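Asks: According to this note's numbering, the sequence shown is numbered sequentially starting from 624. Beta carbons are placed, not taken as given, at the ideal position from N, Cα and C, and that holds for glycine. For clarity, every value in this text was computed on a predicted model and none was experimentally measured.
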Amino acid sequence: MKQRTYDKVYSLLWNIDKYIKQVKKNGRVNGIPEQHIDLIKANKHRLYVDRLYKDIKRIGYTKYR
624 MKQRTYDKVY
634 SLLWNIDKYI
644 KQVKKNGRVN
654 GIPEQHIDLI
664 KANKHRLYVD
674 RLYKDIKRIG
684 YTKYR
């Protein structure tokens, strides 16, 4: 696994966090009103990506897969 993939996982996690914060603060993102199911899905995916990121950090990105 290359450093680039590690960075992409971190970037994805950061973007999901940013989306959740925007929805909670404004109730809409990019002019699209939030729906409750979108927030549930974002939280679910955030937990998965967060666990993946922590696994990569613990094992080391060069040894992961």
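Measure from the alpha carbon of Ile643 to the alpha carbon of each residue in His668, Tyr633, Arg674, then state which is nearest.
Replies: Position 20 of the sequence shown, counting from 1, holds the residue named residue 643. Minimum Cα distance to Ile643 is reached at His668.
Asks: Do the CB positions of Leu635 and Asp673 come within less than 8 Å of each other?
Replies: Taking the first residue of the sequence shown as position 1, residue 635 is located at position 12. Taking the first residue of the sequence shown as position 1, residue 673 is located at position 50. For Leu635 and Asp673, no; Cβs fall outside 8 Å.
Asks: Taking 8 Å as the CB-CB limit, is Arg627 close to chain D?
Replies: This model lacks chain D altogether, as it is built from one protein chain only.
Asks: With a threshold of 16 other CB atoms inside 10 Å of the CB of Ile682, please say whether the residue is buried or exposed.
Replies: Locating residue 682 in the sequence shown gives position 59, counting from the first residue. Ile682 comes out exposed.
Asks: For Asn653, report the span of its alpha helix (DSSP H) as first-last.
Replies: Locating residue 653 in the sequence shown gives position 30, where the first residue counts as 1. Here Asn653 belongs to no alpha helix (DSSP H), and DSSP marks it neither H nor E.
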